[in-house]
Structures are given as structure tokens and as C-alpha cells.
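Only one structure is covered here, and it is reproduced in the block below.
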Amino acid sequence: MKLKYPALFVMMLVFLTACSGNKESKEVVPEFLDVQLTVNPEQGNVNEPITFEAKVTYGDKEVTNPDSIEFEIWLANDENHERIIPEHVGNGVFRLEKKFAVEGTYYVYSHVTAENMHNMPKKEFIIGTPSNPEESSTSTIME
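Count the sequence shown with mature numbering (1 follows the signal peptide of the UniProt record, and there is no 0) and you get residues -20 to -1, 1 to 123, in order.
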């Protein structure tokens, strides 16, 4: 009977030691879809080209084939929004060149979906003489 207790103790010790393996838990840092939207020039003239570019990255990786990408462009306070798919020019950069026939204050959203995430930065730009801008109901933190 005395032999059972030390044997049971040794077996439990072996079991507990095996179950408490020294596993290093690696902290997973989440990566985010980043879109750097640029408008050049930000103040243009009627019927002169404006270049829109979206540099798309996920973590430190360039995104060359997103699930979807489009630029949404509209004149301030106008309900008509135009959606255009830009061209991929390399290195995660998507570009659109467009001319505008009407003066005023304009806006562009770059809608990008990739890696199960959506990012939509917004920029304001002016063609000729500015018009009344839209009242912003969203925080710039979300833009």
C-alpha cells in the first residue's frame, strides 16, 4: 500500500510537467488596410486634367489586386456621384486622370476593399472658383 502513494505521486508529477510545456505565446499584431489618397493638383482649372492616386497597403505589403477599388467623385451639394474604376499602375498604386467642365468644390472617396476590410479616405479639391462646400456631418477621424 505504501508503494502506491509514491508511484501515484510520481505519475501525477510527470503528467503535470508534460502538460505545462513551455509554450511561448506570440502576440499577434493586427494589420490594417491603409489607403493613401492624393489629388494633384488640389486646385485645378476647368478642362485641365486632375490626377487621383490611391496607394494601397496591408501592413507592409503592397496590395496589387484588391477585391474592389473605385473613386467616387462629385460636385459639392450635388446628388449625382460618379464612380470610376482606376487603373493599377504598379506597386499598389491605382491612378485615374479626369477633366472637369464645371467650376466648384469637389470631393472624392477612394473605396477600397481588400483582406476582408474596407477603407474609404475622402479628399476635397477645387476646379476654378470654389463653390459652397458641403457641411461635414462626419468626424475627420473616420476619413
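Note that beta-carbon positions come from the ideal geometry of N, C-alpha and C, so glycine has one too.
- Using a 10 angstroms sphere on the CB of residue 39, the tally of other CB atoms stays under 16, which defines it as exposed.
- Nearest in C-alpha terms to residue 20, of all of 55, 103 and 110, is 103.
- Per DSSP, the continuous beta strand (DSSP E) segment holding residue 36 begins and ends at 30 to 38.
- Relative to the Cα of residue 34, the nearest Cα in the group 69, 107, 109 and 110 belongs to 69.
- Between residue 83 and residue 63 the beta-carbon gap is near 22 Å, outside 8 Å, which marks them as no contact.
- Of the residues assessed, residue 107 falls on the buried side of the cut-off, its CB having 16 or more other CB atoms within 10 angstroms.
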